[in-house]
Structures are given as C-alpha cells and as structure tokens.
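Protein chains in written order, with the working numbering: chain X, 1 to 113; chain W, 1001 to 1113. Don't be surprised by glycine CBs; every beta carbon is placed ideally from N, CA and C.
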Amino acid sequence: ELKVEQNPLFLSMQEGKNYTIYCNYSTTSDRLYWYRQDPGKSLESLFVLLSNGAVKQEGRLMASLDTKARLSTLHITAAVHDLSATYFCAVDDSGGGADGLTFGKGTHLIIQP
Amino acid sequence: DAGVIQSPRHEVTEMGQEVTLRCKPISGHNSLFWYRQTMMRGLELLIYFNNNVPIDDSGMPEDRFSAKMPNASFSTLKIQPSEPRDSAVYFCASILRGTYGYTFGSGTRLTVV
C-alpha cells in the first residue's frame, strides 16, 4: 500500500521567514504533485514534478523531487500572510496511467504578521 | 472551459435519506475520480472510471455507496441510506489519460444529521 507522509502537519511562522515542508512516499513513482487548499475551497494545483531532480518555482514557493530518496520538498521563501493555507503533496503511482492520487495528510500553514 | 462542475455545493440531509452527488468532468477528459475529505482521514480515493467504466472501487467504504458514469460527461455518487459519519466534503476530479493535470471540482459539502 502506497504511503505518503508529510511533515510538519501544522506550522506557524512569521512573515519574512523561510521554511520547508517535507513529503516522503513509499513507492518508486516519479510523479509528485503539490496542491494548495484554502478553507472551504477546492484543491489548487501548484506543481507537478515528473522526474528525479525536478525543481519548479512559482513566486515564493519552490518544489523539488528526489526519487531515489522518495522525498519531495516545498520551500517557502520570505513568507507572506497570503500563503497561509493547507498544502498537500500527492503521488501518482500508476506509471503514466493516471490511476488517481494518494495524498498526504496536509500541512496547515499559518503565517503571522 | 468551466472546469469540473459538481452539484450541489452543499447538502444537508437526515440520516436514512438517499443522497446523490453529481459531477461533470472537463470535456475531453477520459478518467474521473471521486474523493472524500474528512478531518480524520484526509483525502481518500473512493472510486475511479476510465472511459466511463469503473476500474477500482476498493475505496468505497460500504455497500451504501455506489457510483455510476452513464456517459462521458456525467457521473453520480449515491449514498443510500446516509449516516452521520458520511458527513464530509466529496470532490470529483478528472484527467485526460497520458497527461499530468488532475483537475478538481469545487466539492460538495455533505452534512448528515
């Protein structure tokens, strides 16, 4: 059974600080997704990482993938309040078949002024 | 494209009643997924369809749950009879197989009292 573990599950940080969310998974998949969810809202796709060593950046967020370590990270640089949300990583283990995503529990991020 | 469309957005029903949730995938997408989100269990894949055919329903919690996809543009998730523990947010997602972009609907928040 595929397991996806995120840590931390809860993070409170100050504006301007840097931090990293970690996502470990138990398969050899090379498809790793990061989503953002605001309270009461749907899942917004942030990044899709498709190969070992992949790195993607959007604004203050940067995601990376190490398939050998089965680890993805989501790095937040100089956090701002608008980034407060719950962040999920998810793995597609279908080898290109799109058989659905297995999600981590999510990291609830609060950024305080 | 209007994205994945789910209805209703909110549903409040009494225990024992039948509940039907609806989903219209993105036109051209050939795989459709039903997820359930709760605080305790996070995001769980309930069932998915490829080309309107159910492929894996191992995530469906009980026989009270059933899903259909009569055509490429419509799917339903039915709970009969509903119970308070079915209260959750139910998301539908779709994708074109061979691509990487899972798109989620806005979700249906179900409350069973």
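Please classify residue i as buried or exposed, where buried requires at least 16 other C-beta atoms within 10 Å of its C-beta.
{"i": "residue 1 of chain X", "result": "exposed"}
{"i": "residue 51 of chain X", "result": "exposed"}
{"i": "residue 107 of chain X", "result": "buried"}
{"i": "residue 1091 of chain W", "result": "buried"}
{"i": "residue 1069 of chain W", "result": "buried"}
{"i": "residue 1027 of chain W", "result": "exposed"}
{"i": "residue 1060 of chain W", "result": "buried"}
{"i": "residue 10 of chain X", "result": "exposed"}
{"i": "residue 1010 of chain W", "result": "exposed"}
{"i": "residue 1086 of chain W", "result": "buried"}
{"i": "residue 1036 of chain W", "result": "buried"}
{"i": "residue 1002 of chain W", "result": "exposed"}
{"i": "residue 69 of chain X", "result": "exposed"}
{"i": "residue 1024 of chain W", "result": "buried"}
Below 9 Å between beta carbons: does that hold for residue i and residue j?
{"i": "residue 89 of chain X", "j": "residue 19 of chain X", "result": "no"}
{"i": "residue 149 of chain X", "j": "residue 1103 of chain W", "result": "A question about residue 149 of chain X goes unanswered here, because the residues of chain X that appear run from 1 up to 113."}
{"i": "residue 1078 of chain W", "j": "residue 1067 of chain W", "result": "yes"}
{"i": "residue 1014 of chain W", "j": "residue 1080 of chain W", "result": "no"}
{"i": "residue 61 of chain X", "j": "residue 75 of chain X", "result": "yes"}
{"i": "residue 1107 of chain W", "j": "residue 42 of chain X", "result": "yes"}
{"i": "residue 33 of chain X", "j": "residue 71 of chain X", "result": "no"}
{"i": "residue 1057 of chain W", "j": "residue 1046 of chain W", "result": "yes"}
{"i": "residue 67 of chain X", "j": "residue 92 of chain X", "result": "no"}
{"i": "residue 49 of chain X", "j": "residue 65 of chain X", "result": "yes"}
{"i": "residue 1031 of chain W", "j": "residue 1048 of chain W", "result": "yes"}
{"i": "residue 85 of chain X", "j": "residue 16 of chain X", "result": "no"}
{"i": "residue 87 of chain X", "j": "residue 14 of chain X", "result": "no"}
{"i": "residue 1084 of chain W", "j": "residue 1113 of chain W", "result": "yes"}
{"i": "residue 1022 of chain W", "j": "residue 1076 of chain W", "result": "yes"}
{"i": "residue 4 of chain X", "j": "residue 100 of chain X", "result": "no"}
{"i": "residue 1101 of chain W", "j": "residue 1005 of chain W", "result": "no"}
Starting from residue i and walking both ways along the beta strand (DSSP E), at which residues does that stretch end?
{"i": "residue 80 of chain X", "result": "Residue 80 of chain X -> no beta strand (DSSP E), and no H or E assigned at all."}
{"i": "residue 56 of chain X", "result": "55-58"}
{"i": "residue 1076 of chain W", "result": "1074-1079"}
{"i": "residue 98 of chain X", "result": "Note, residue 98 of chain X: premise wrong, no beta strand (DSSP E); not H, not E."}
{"i": "residue 1096 of chain W", "result": "Residue 1096 of chain W -> no beta strand (DSSP E), and no H or E assigned at all."}
{"i": "residue 63 of chain X", "result": "61-66"}
{"i": "residue 1108 of chain W", "result": "1108-1112"}
{"i": "residue 7 of chain X", "result": "4-7"}
{"i": "residue 12 of chain X", "result": "10-14"}
{"i": "residue 109 of chain X", "result": "107-112"}
Taking the runs of the beta strand (DSSP E) that are 3 residues or longer, which of them lie wholly in the region 1001-1065 of chain W?
-> Residue ranges of uninterrupted beta strand (DSSP E) with 3 or more members, entirely inside the region 1001-1065 of chain W and ordered along the chain, are 1005-1007, 1010-1013, 1019-1024, 1031-1038, 1042-1050, 1053-1056.
Anything in the region 1021-1039 of chain W with a Cβ closer than 7 Å to a Cβ of chain X? List those residues in chain order, please.
-> Residues 1031, 1033.
Closer than 8 Å, Cβ to any Cβ of chain W: which residues of the region 45-79 of chain X, in chain order?
-> For the region 45-79 of chain X, the residues whose beta carbon sits under 8 Å from a beta carbon of chain W are, in order, 45, 48, 50.
Any beta strand (DSSP E) of 3 or more consecutive residues that is wholly inside the region 18-46 of chain X = Within the region 18-46 of chain X, the complete beta strand (DSSP E) segments of 3 residues or longer fall at 19-25, 32-37, listed in chain order.
Chain W contacts made by the region 93-108 of chain X, where a contact means CB separation under 8 Å = Answer set for the region 93-108 of chain X: 96, 97, 98, 99, 100, 101, 102, 103, 104, 105, 106.
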